[in-house]
Amino acid sequence: MGRRAADASAEPGDLRHRQLIALTVLNDHGPLSQQALGELLGLDPSNLVGLLNDLEERGLTIRRRDPADRRRHIVELSPDGKAALQAGQLGLAAVEDKILCALTPAERATLHELLVRAVGADRPVALGADHSEYTNNDQHPTLSPKCD
Numbered sequence: 007m008g009r010r011a012a013d014a015s016a017e018p019g020d021l022r023h024r025q026l027i028a029l030t031v032l033n034d035h036g037p038l039s040q041q042a043l044g045e046l047l048g049l050d051p052s053n054l055v056g057l058l059n060d061l062e063e064r065g066l067t068i069r070r071r072d073p074a075d076r077r078r079h080i081v082e083l084s085p086d087g088k089a090a091l092q093a094g095q096l097g098l099a100a101v102e103d104k105i106l107c108a109l110t111p112a113e114r115a116t117l118h119e120l121l122v123r124a125v126g127a128d129r130p131v132a133l134g135a136d137h138s139e140y141t142n143n144d145q146h147p148t149l150s151p152k153c154d
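With our numbering applied, the sequence shown has no gaps in its numbers, which climb one by one up to 154 at the end.
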């Protein structure tokens, strides 16, 4: 439901779900080997190359040879990638607020905790691992959830 709502609200040129997760992983872990990134994302090498080619063409990531092993590539988030990630996270936060508007901040925090436990804490979370903003404030720090 969340992915459909995010896709429906996306503008041309916005990050797709898989791209946003890849940028989130790079932001959270720092530069990674291409193989390590693929393993964290659960992508086979051919799908990862397509994803990275697209991100690199848009200037959102930088891919360079590993000086210690010229056969390996290191992938890192570019400054434009950080900005695109922040914009994407704001868009997802708006979708999340619309979907979860009937829940209190405490209920949102509980839901997040339960979902992380259900899928395993080692999986990437598109909005980041820290949802403490829902436990410290009555509303999302940048968006006011409103039920229609």
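Think of the CB as a built atom: it goes at the ideal place given N, C-alpha and C, for glycine as much as any other residue.
Model, not experiment: these values are computed from the prediction.
| query | In this structure, does DSSP put residue 67 in helix, strand or coil? | reply | strand
| query | Whose CA, out of 50, 42, 79, 91, lies closest to the CA of residue 64? | reply | 91
| message | Please give the ranges of any beta strand (DSSP E) in the stretch 56-129, keeping only runs that are unbroken, at least 3 residues long and fully inside the region. | response | 67-72, 75-83
| query | Is DSSP giving residue 21 helix, strand or coil here? | reply | coil
| message | Per DSSP, what are the beta-bridge partners of residue 52 in this structure? | response | Answer is none; residue 52 lacks a bridge partner.
| query | Buried or exposed: where does residue 121 fall if 16 or more other Cβ atoms within 10 Å of its Cβ makes it buried? | reply | exposed
| field | Span of the alpha helix (DSSP H), counted from its first residue to its last, around residue 44 | value | 40-47
| message | Using C-beta distances below 8 Å, list every residue in its chain close to residue 11, excluding the 5 sequence neighbours before and after it, in chain order. | response | 101, 104, 105
| message | Tell me the DSSP secondary structure of residue 8 in three-state form. | response | helix
| request: To the nearest angstrom, report how far apart residue 48 and residue 125 are at their CA atoms. | output: 14 Å
| query | For residue 43 versus residue 54, is the C-beta distance shorter than 8 Å? | reply | yes
| residue 132 classed as buried or exposed, judged by whether at least 16 other C-beta atoms fall within 10 angstroms | Here residue 132 scores only 42 on pLDDT, less than 50, and its place in the model is too uncertain to base an answer on.
| request: With a threshold of 16 other CB atoms inside 10 Å of the CB of residue 108, please say whether the residue is buried or exposed. | output: exposed
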